[in-house]
Amino acid sequence: MSHYLLLIIAAILLSGCTKGKPAPTANNAGNGTVQVPAFSGDSAFAAVARQLEFGPRVPGTQAQEDCARWLQQELTRYGAVVTEQRSTVTAYDGRTYPCINIMGSYNPEASHRILLMAHWDSRPMADEDPDPARRNEPVMAANDGASGVGVLLEIARQASLRKPRAGIDIFFTDVEDNGAPSSWTGPHNEEAWGLGTQQWCREARRKGYKATYGILLDMVGSGDATFYREYYSDYYASDVVNHVWKTAARLGYRNLFIDRKGGGITDDHVFVNRMTDIPTIDIIDTGMDGEGTFYPYWHTTDDTLDKISTETLRKVGDVLMHLIY
Ligand SMILES: [Zn+2]
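For the sequence shown, our numbering begins at 704 and goes up steadily by one.
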């Protein structure tokens, strides 16, 4: 994803026309407590580590093919109905890349559905690396990619142990992180990010796919993570943000899910909001508008497994589990 610093004037203009969206429905209305299975941070961590064993999951490499096969095997093993969308996408510089979107669905017949997303590709170049000599190397993407996928694979494992009542669609998006590097002198278009998601949105519209709401996970594994209310999430889906941040607060994670406005990030959720009717938020490690604590190893060769915290993964997963069950 890319940093996108918002002008105050734009924020004022946009705040006047926020779309009204229905609130997500609670699934424990009425008769008392619902037992929520315990999310395992260790299992999520293992799923992050396994992805890294393939090497950087850069589109067009053997690691992409190998990891795609593994992700499908895992979802199948956990009882999901697995679908794959293969296509070719064109990057900011005109180069084309194979794109493999993968979805694992539970309760495909349920009308109340939650769309859970994370990008599984690695950025081909570490353009933010402090060492200029390493900026052409791929990013290992332990946090910026694999962390969200790790959490969702553990959700899938939990769904195989106890079937949720809601429909769940776990969507691993490809070629999210192939936007122009900061050194690129050509145009910097938002549409150069989230290429796999844009492909999927076109098909979702054609097929009439529906979900009640969507949650994107991106950079959810750092030990120092903070999740502010990301700007576009609040703009398109503030009810969903409220629901998620209130759930986190109830679970005692106020210091992780901080109930304050954050900056705007061009990420997969922006395209889902713009191209479909699904109000979708981004849980992403970022600070306040421009002045914040963006994950410091973002788009560097240091985005590696040692930055991943089992506790952060567990807390994010626990929030999702309470939304699902
Ligand atoms: Zn990224």
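Built from N, CA and C at the ideal position, the CB exists for glycine as well.
Could you compute how far the alpha carbon of R868 sits from the alpha carbon of T983? 20 Å
Apart from the five residues on each side of it in sequence, which residues of its chain come closer than 6 Å, Cβ to Cβ, to D877? C802, I803, N804, D824, G899
Under a three-way DSSP split, which group does Q946 fall into? Residue 946 is actually His in this sequence, not Gln. Here H946 sits in helix by DSSP.
Nearest to V923 by CA position, among G853, I981, S885, is which residue? G853
If I measure Cβ to Cβ from W773 and keep anything under 6 Å in the same chain, skipping five residues before and after, which residues do I get? none
Taking all protein chains shown into account, decide if V947 is buried (16 or more other Cβ within 10 angstroms of its Cβ) or exposed. buried
In three-state DSSP terms, what is Q765? helix
Counting Cβ pairs closer than 8 Å, one from the stretch 739 to 757 and one from the stretch 838 to 851, do we hit at least three? yes
Got a sec? Which residues, its chain only, sit under 6 Å from P811 by beta carbon, not counting five neighbours each side? V784
So T915 and I817 are in contact, right, with Cβ under 8 Å, and what is the actual spacing, rounded? 6 Å
Can at least three beta-carbon pairs, one atom from the stretch 969 to 981 and one from the stretch 887 to 898, be found at a separation below 8 Å? yes
Stretch pair the stretch 880 to 887 + the stretch 822 to 841: three plus CB contacts closer than 8 Å: yes
Can D921 and G870 be called in contact, C-beta distance under 9 Å? no
For the alpha helix (DSSP H) that K1018 lies in, which residues bound it at each end? 1013 to 1027
To the nearest angstrom, how far is the alpha carbon of K1010 from that of Y1000? 9 Å
Continuous alpha helix (DSSP H) stretch holding Q788: start and end: That residue, Q788, is in no alpha helix (DSSP H); its beta strand (DSSP E) goes 784 to 793.
Taking only the alpha-carbon atoms, compute the straight-line gap between Q767 and W903 and give it to the nearest angstrom. 18 Å
Is it the case that the CB of D847 approaches a heavy atom of ligand 1 more closely than 8 Å? yes
Counterpart residues of K964 in DSSP-defined beta bridges: R932
Hey, how far is the Cα of G797 from the Cα of R760? 20 Å
Quick one: is E756 buried, meaning 16 or more other Cβ sit within 10 Å of its Cβ, or exposed? exposed
If you draw a straight line from the alpha carbon of T1013 to that of G1020, how long is it in whole angstroms? 10 Å
Keeping to the same chain, check which residues put their C-beta closer than 7 Å to that of V739; ignore five residues upstream and five downstream. M1024, H1025, Y1028
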